[in-house]
Amino acid sequence: MYSEKAYHIADNCRFCWMCRHVCPVGLKTGKEINTPRAKGLLVSMEKRGFEMEKDSAEAFYECMLCGSCSNDCATGFEPPVFIREARTWAAAAGLLPEAVERVLDRVLDTGVMYEECEEPKALSEKINEHQKKAKLLLLLGATARIRRPEMALALMRLLEEAEVDFMVLEKEPGTGSELYDLIGAVEETREQAAACGRQLCDTGAEKIVVLDSYLAEILKHEYPLWDCAPESEILTATSFVARLIDEGRLHPEALSLSVTVHDSPRLARDLKETEPVRDILKASVCEIKEMFLNRELTRCCGSSLFAEYAPKLALLTGQGRLEDAKRTGAGILVVECPQALDVLKMATDNEEKDTGPDILDIFSLLLKAVQENGND
Ligand code: SF4
Ligand code: SF4
């Protein structure tokens, strides 16, 4: 049933309370079930012959696979390993929560987690300008294309400003990222990843710059393990743009702003990338007020996928991260992943009074700094 590794981790976590204070979901709900320990206990009960039930299946989806628990664990255990496998078994046993099932069906049918798949006209027009073959492919991801086009547009304008020759696919394939988080590394996930890998290969791109941190993580980590990685170099958008500044191809003006940074867990913890966003900010802004939980200690605000099937929980986790940002006193909260931008904007829209920092993606902020310089 579960892998030996998953059982081993669950059997250790079920006796342990040590990371309960870092789970962004547990911190907001205050429920025992939202701790890695309780989830480990559920897995070890299954090992001992208890069948998974609907409510325990639900508990495995009250987790954002953010890795905060693993990062805090002094003994190196990773609860997301058994949580992902539990999801595989929940799906196989027909115990998926209804909302999860709805999102899963969409991703399997269309490759996209959203019901509405239309991208705004301004973005379609910009994408149409970049249909000619180029050595660099920009992969935007569904969240940027459908929900946060301002971030996609800002990044594309920055690349144009730096005279980077790049192409964007008219229609991007599903990468398997959502399936991997919803039902684990099952056949459907690997098939979608393999099809995506082939399509990326067919573009002939030497470099692929990825905007969405969830897509960057799966392309860089899981694709090589699943033997479907394209030969192209995979780069995150933040690291690529930081390099453009370093090479003198973008010239931002100092904006004299006070900002704080939300590190996306898949970038900061899984890909160990924390500095490019700060390098971009240092080149264009005066002061970074770090949150208490920054870099690899970051607290997940929720992903767009989590918000699609658990909107109330995502609202709570988004508000949790906004509280961290407010405590810094910074005027702007800067984010580097479209999925974080989407959840944090949703959390701000639901605040009773608008007392927190403005939320801005790193590329819109840099574009402003570059355009200000051009206006001098
Ligand atoms: S991940 Fe580590 S700290 Fe957290 S419950 Fe498991 S063993 Fe304990
Ligand atoms: S991966 Fe994140 S959300 Fe899931 S149990 Fe660990 S800390 Fe909580």
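Residue numbers for the sequence shown, in this note's numbering: 1191 to 1566.
Glycine residues also receive a C-beta, built at the ideal position from the N, C-alpha and C atoms.
Computed from a prediction, not measured in an experiment: that's the story for all the values here.
Residue of F1482, E1368 and S1260 minimising C-alpha distance to F1496:
E1368
Say the cut is 7 Å; is the CB of R1517 nearer than that to a heavy atom of ligand 1?
no
Environment of G1284 [buried if 16+ CB atoms lie within 10 Å]:
exposed
Indicate the three-state DSSP secondary structure (helix, strand or coil) for F1356 in the structure shown.
strand
For R1517, does the count of other Cβ atoms within 10 angstroms reach 16, so buried, or fall short, so exposed?
exposed
Helix, strand or coil at S1446 according to DSSP, with G and I counted as helix:
coil
How is the beta strand (DSSP E) around E1423 delimited, first residue to last?
E1423 to T1426
How many whole angstroms separate the CB atoms of D1402 and C1527, which I take to be in contact at a CB cut-off of 8 Å?
6 Å
Euclidean distance between Cα positions of E1268 and E1437
38 Å
Out of P1455, V1525 and S1234, which has the shortest C-alpha to C-alpha gap to E1194?
S1234
Hey, how far is the Cα of N1540 from the Cα of L1505?
8 Å
For E1477, three-class secondary structure by DSSP:
strand
Taking T1426 and E1480 to be in contact with their CB atoms under 8 Å, please state how far apart those CB atoms are, rounded to whole angstroms.
That pair is no contact at about 20 Å.
Is the number of C-beta pairs between the stretch 1216-1234 and the stretch 1247-1255 that are closer than 8 Å three or more?
yes
Got a sec? Which residues, its chain only, sit under 6 Å from L1349 by beta carbon, not counting five neighbours each side?
F1356
Taking the Cβ atom as the reference point for each residue, do G1519 and C1491 lie within a distance shorter than 8 Å?
no
Our contact map puts M1341 next to K1316 with C-beta atoms below 8 Å; I'd like the distance itself, whole angstroms only.
Contact doesn't hold; Cβ gap of about 12 Å is too wide.
Once the 5 residues before and after M1208 are set aside, which same chain residues still bring their CB inside 6 Å of it?
none
May I ask you to verify whether the stretch 1320-1328 touches the stretch 1383-1400, counting CB pairs closer than 8 Å and requiring at least 3?
yes
For A1515 versus S1474, is the C-beta spacing smaller than 8 Å?
no
Consider the C-beta atom of M1208 and the heavy atoms of ligand 2; say whether any pair is separated by less than 7 Å.
no
C-beta atoms of L1447 and E1351 nearer than 8 Å:
no
Under the criterion of a Cβ to heavy atom distance below 7 Å, does T1265 qualify as lining ligand 1?
yes
How many angstroms separate the CA atom of S1636 from the CA atom of N1563?
Outside the modelled stretch of the chain, which goes from 1191 to 1566, sits residue 1636, for which no answer is possible.
With a threshold of 7 Å (Cβ to nearest heavy atom), would N1318 be considered close to ligand 1?
no
Closest Cα partner of N1261 within the set R1489, Q1529, P1501 and L1503:
R1489
Among V1215, C1213, K1229 and S1454, nearest to Y1197 - alpha-carbon criterion
K1229
Should R1459 be listed as close to ligand 1, given that the test is whether its C-beta is under 7 Å from any heavy atom?
no
Please confirm if the stretch 1357-1364 is in contact with the stretch 1547-1555, defined as three or more CB-CB distances below 8 Å between the two stretches.
no
Contact test: S1260 Cβ vs ligand 1 heavy atom, cutoff 7 Å:
yes
Closest by C-alpha distance to P1455, when choosing among L1434, Y1404 and C1476:
Y1404
Determine whether the beta carbon atoms of V1376 and T1278 lie at a separation below 8 Å.
yes
Going by beta-carbon coordinates alone, are E1378 and I1336 separated by less than 8 Å?
no
Tell me, to the nearest whole angstrom, how far the beta carbon of A1344 is from that of L1557; I am working on the premise that it is less than 8 Å.
5 Å
Within a Cβ cutoff of 8 Å, which residues of the same chain sit near A1312, ignoring the five residues on either side of it in sequence?
P1339 and L1343
Mark T1265 as exposed unless 16 or more other C-beta atoms lie within 10 angstroms of its C-beta, in which case mark it buried.
exposed
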